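I have placed the structure first, in the form of structure tokens, so that the comments after it can refer back to it.
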Ligand code: SF4
Ligand code: SF4
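Residue numbers (the working numbering): 3 to 414.
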């Protein structure tokens, strides 16, 4: 017996995948495909998201850097077949949700919308409900498809019983369909392991790129240089799959230093496309989100949609990117340096905000995120000995980058 709610959701999903397939497939830009196997290109752009029944566009919309006035960017994504829009109450202080809500008004039955809340270990369910209702208002909808515990970095947050009570209440009221965990910072693996074991989450939105995969370095750089900083991440993705959870990848561009790569791109393939194909070649990854801020960027990105294998030129580009950026890219989440700081500076978190400023060129986002880090890097200014120097086994100069990030992003 199928419940009324299930029938309703099922119909919504059918409408979305059907409508978007019709919209998107004929509109894909063409790109040169160099197949190593000689097999016909696979062009399936919509993938099942775990057990949810959602069929999401494999390359989907990350909204963390859009603001009112960017509605045309969202509509360009929609017109080109993107049906999954990721957001959070914190993105642009609510601007991202407001922009999505305005741009997608009248299209709710053709898109999937997500949002997130940073629910701390002490947060009450009434506060979570308030946060959700704020997001629904800005998104101009009465439900989100997936509501995430945002940036999980502490198992205590996942042990808060109020989260689960809130989620049940919100589902019963039809305000959320599924719950998820998102994360890409410290303690990620511990948090995801715990969350999966609860059986209470449907989807993970987690970091994943070629730098997270030991196989990439073993196979293509012929050595083990510890760049595969999350050797457990492939295990987590497999575990999520075994639990019929969805896995949506983010941080797929390994720092997104796209301009550094332009001189090495040739034959119509770009570094971003290569990185996406690498991610989508993992059959346990259902899709990815990436920040989209311009129509040209969307055209570039979705040219890789439908791929399920990396290509010859892709590996050359990924390898070049790794060579160029190894010693200046923090592999957030490895945390091997943090015990070296006697002042408890959360080095990986600080360097994550640096990425927004330096790699993404988004000082506003960087300052917002830096402001959210409780114990920031203010202590660095009076730290003459700098014992964190040399603590990063990947060669990241924390003793330079961390104090510099504080100077750059501190509002004081
Ligand atoms: S600075 Fe180095 S050791 Fe510290 S979190 Fe980043 S990659 Fe890991
Ligand atoms: S420079 Fe900053 S991060 Fe490094 S040891 Fe000193 S206080 Fe800690």
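In this text, a Cβ means the ideal position worked out from N, Cα and C, and glycines have one as well. Since the model is a prediction, treat every value here as computed from it, not as a measurement.
Check	Outcome
Within the region 84–122, note down every full beta strand (DSSP E) run reaching 3 residues or more, in order along the chain.	86–88 and 114–119
If you run the structure through DSSP and keep just helix, strand and coil, what is residue 139?	helix
Using 8 angstroms as the Cβ pair cut-off and three pairs as the minimum, do the region 198–214 and the region 241–251 touch?	yes
Does the distance between the C-beta of residue 372 and the nearest non-hydrogen atom of ligand 2 fall short of 7 angstroms?	no
In chain order, what are the residues with a CB under 6 angstroms from some non-hydrogen atom of ligand 2?	343, 345, 347, 349, 379, 381, 382, 385, 388, 389, 390, 400, 401, 404 and 405
Which value, in whole angstroms, describes the spacing of the CA atoms of residue 376 and residue 103?	31 angstroms
Is residue 290 near ligand 1, judged by its Cβ being under 7 angstroms from some heavy atom?	no
Checking the sheet assignment: what are the DSSP bridge partners for residue 1?	This structure leaves residue 1 out entirely; the chain is present only between 3 and 414.
So residue 410 and residue 359 are in contact, right, with Cβ under 8 angstroms, and what is the actual spacing, rounded?	6 angstroms
In or out: residue 95 buried (at least 16 other Cβ within 10 Å) or exposed?	exposed
Taking just the CA atoms, how far does residue 158 sit from residue 247?	22 angstroms
Rounded to whole angstroms, what's the CA-CA distance from residue 185 to residue 268? Just pull it up for me.	33 angstroms
Note down, in chain order, each residue of its chain lying with its Cβ closer than 6 angstroms to the Cβ of residue 126, except the 5 sequence neighbours on either side.	164
Considering only heavy atoms of ligand 1, does any lie closer than 7 angstroms to the CB of residue 193?	no
Going by C-alpha to C-alpha distance, which of 93, 339, 254 and 319 sits closest to residue 264?	319
So is residue 199 buried or exposed if we call it buried at 16+ other beta carbons inside 10 Å?	exposed
Please look up how many angstroms separate the CB atoms of residue 84 and residue 59, rounded, as I've assumed it's under 8 angstroms.	5 angstroms
Look at residue 57 and residue 80 and say whether their C-beta atoms are less than 8 angstroms apart.	no
Under 6 angstroms Cβ to Cβ from residue 148, same chain only, skipping five residues before and after it: list those, please.	116, 180, 182 and 205
Return the chain-ordered list of same chain residues with a C-beta closer than 8 angstroms to the C-beta of residue 281, the five sequence neighbours on each side being excluded.	210, 211, 212, 251, 254, 287 and 290
Taking only the alpha-carbon atoms, compute the straight-line gap between residue 228 and residue 399 and give it to the nearest angstrom.	Note that residue 228 has pLDDT 30, beneath the 50 cutoff, so the model's placement of it is unreliable and the number below is only indicative. Those two C-alpha atoms are separated by around 16 angstroms.
When you compare only the Cα positions, how much space is there between residue 171 and residue 238?	28 angstroms
Sorry if obvious, but does the Cβ on residue 70 come closer than 7 angstroms to a heavy atom of ligand 1?	no
Looking at residue 395 and ligand 1, is the gap between the Cβ and the nearest heavy atom below 7 angstroms?	yes
Under the assumption that residue 385 contacts residue 349 (Cβ atoms under 8 angstroms), give the Cβ distance between them as a whole number of angstroms.	The Cβ separation is near 12 angstroms, so there is no contact.
Please name the residue in 408, 337 and 312 whose C-alpha comes closest to that of residue 275.	312
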